[in-house]
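K.L.:
Numbering (this note's numbering), first residue to last: 39 to 118. Using N, Cα and C, we set each Cβ at its ideal position, and we do this for glycine too. Because the structure is a prediction, the values reported are computed rather than measured. Just dropping this structure here.
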């Protein structure tokens, strides 16, 4: 598992996926974002990264897993 390069300075490593989703929700408004479509586009972009770029990412940067998607169906989409 990839570790945050600044792990010794902070115990929190930021998720690129969550940061981008948060910015989209804030900038465009939650009513204007289809989170399922966002996830599909994010996964497609992530899957097109070269192996060298994937090595620079962290586990938390991966697209949401099937389990996460099932949780959303059960409990609803995230909100701010």
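1. Applying the criterion that 16 or more other CB atoms from any shown protein chain within 10 Å of the CB defines a buried residue, is residue 99 buried or exposed?
2. Could you spell out the range, first to last residue, of the alpha helix (DSSP H) harbouring residue 62?
3. Enumerate in chain order the residues of its own chain whose CB-to-CB distance from residue 47 is below 7 Å, with the five nearest sequence positions on each side excluded.
4. Let's see if you can read the secondary structure: which residues bound the alpha helix (DSSP H) around residue 104?
5. Need the endpoints of the alpha helix (DSSP H) that residue 84 sits in, please.
P.N.:
This is what the structure gives:
1. The residue labelled residue 99 in the question sits at position 61 within the chain shown. Burial check for residue 99: the Cβ neighbour count within 10 Å reaches 16 or more, so the residue is buried.
2. Taking the first residue of the chain shown as position 1, residue 62 is located at position 24. Segment 54-66, the alpha helix (DSSP H) holding residue 62.
3. Along the chain shown, one-based indexing puts residue 47 at 9. In this prediction, residue 47 has a pLDDT of 48, which is less than 50 and means its spatial position is unreliable; what the coordinates show is noted afterwards. Here the set comprises nothing.
4. By 1-based counting over the chain shown, the position of residue 104 is 66. Element bounds for residue 104: 104-113.
5. In the chain shown, counting from the first residue as 1, residue 84 sits at position 46. Start and end: 73-85.
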